[in-house]
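Working notes for the structure below.
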Amino acid sequence: MSQVFNFDATDHAIIRELRANGRANNQQIAEKLGLTATTVSTRIRRMEDANQLRVVAVSDFSAHGFNVLLRISVSVDGRPASDVAHELAALPEVVAAHMVTGGYDIDMLVALHDFDDLSEFLLDKLSGVHGIRTLTPAIVVDIIKYQFDVAPIEGRA
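Numbering (full-length UniProt numbering), first residue to last: 1 to 157.
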């Protein structure tokens with residue numbers, strides 16, 4: 001049975017600093033919060049060990065030459081949707097794949113370098129995945145919010 005992890009005000013403050021500047025080292029965070037670097041390091045390690053925090057780098061799509069983002073909803077037939085989702089997730093163009101409820105079985109986000117890659121991806125790569133009944137692609141025309149805060153813990157103080 002997993003134990004409930006309790007975030008206190010210090011944990012929240014450390015996370016706020018990491019969200020504001022993910023490159024900040026423990027000493028910089030400590031100085032901003034009036035703590036010691038050892039305290040910051042211990043707190044971060046405790047949250048990581050409890051699987052409550054993971055510090056990661058997030059890269060920008062366009063900085064890496066991906067100028068086309070697609071949201072593709074997938075309906076599956078004749079094969080378990082989870083098997084199809086795992087096969088789709090293995091494609092290098094797929095940056096996120098989710099099993100969902102509603103009118104579709106799978107929802108995914110695809111990053112392509114340009115529109116010239118679209119036909120090959122939709123017609124060649126996806127047609128090789130057995131079990132796809134329908135695809136509903138939507139081109140992302142503007143990113144309003146892309147926030148990589150995996151879990152909004154602010155409300156759990």
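The beta carbon of each residue, even a glycine, is placed where N, CA and C say it ideally should be.
From the options, residue whose alpha carbon lies closest to that of residue i
i	options	result
residue 137	145, 112 and 144	112
residue 139	64, 37, 54 and 108	108
residue 79	20, 105, 30 and 61	105
residue 96	63, 47 and 85	85
residue 24	56, 135 and 98	56
Cβ separation of residue i and residue j, assumed to be a contact under 8 Å, to the nearest whole Å
i	j	result
residue 27	residue 37	4 Å
residue 178	residue 77	With the chain represented from 1 up to 157, any question about residue 178 goes unanswered, as that position is not in the structure.
residue 15	residue 53	7 Å
residue 35	residue 17	Not a contact, Cβ separation roughly 10 Å.
residue 133	residue 73	Not confirmed; about 11 Å, so no contact.
residue 123	residue 68	Going by Cβ atoms, the distance from residue 123 to residue 68 rounds to 15 Å, so no, they are not a contact pair.
Own chain residues within Cβ distance below 6 Å of residue i, not counting five before or after
i	result
residue 100	107
residue 87	129
Bridge partner(s) assigned by DSSP for residue i
i	result
residue 110	70 and 94
residue 138	71
residue 99	106
residue 132	76
Beta carbon proximity, residue i to chain C, threshold 8 Å
i	result
residue 80	Absent here is chain C; the protein component of the structure consists of one chain.
Beta-carbon contacts of residue i that lie in its chain and below 7 Å, excluding the five residues immediately before and after
i	result
residue 43	10, 11 and 14
residue 40	14, 26, 29 and 30
Close beta carbons around residue i, own chain, < 8 Å, minus the five adjacent residues each side
i	result
residue 114	67 and 68
Q: Give, in chain order, every unbroken run of the beta strand (DSSP E) that is at least 3 residues long and sits entirely within the segment 57-82.
A: Qualifying beta strand (DSSP E) stretches, in chain order: 68-76.
Q.
Please give the ranges of any alpha helix (DSSP H) in the UniProt domain "HTH asnC-type" (7-67), keeping only runs that are unbroken, at least 4 residues long and fully inside the region.
A. Entirely contained in the UniProt domain "HTH asnC-type" (7-67), the alpha helix (DSSP H) runs reaching 4 residues are, in chain order, 9-20, 26-33 and 37-49.
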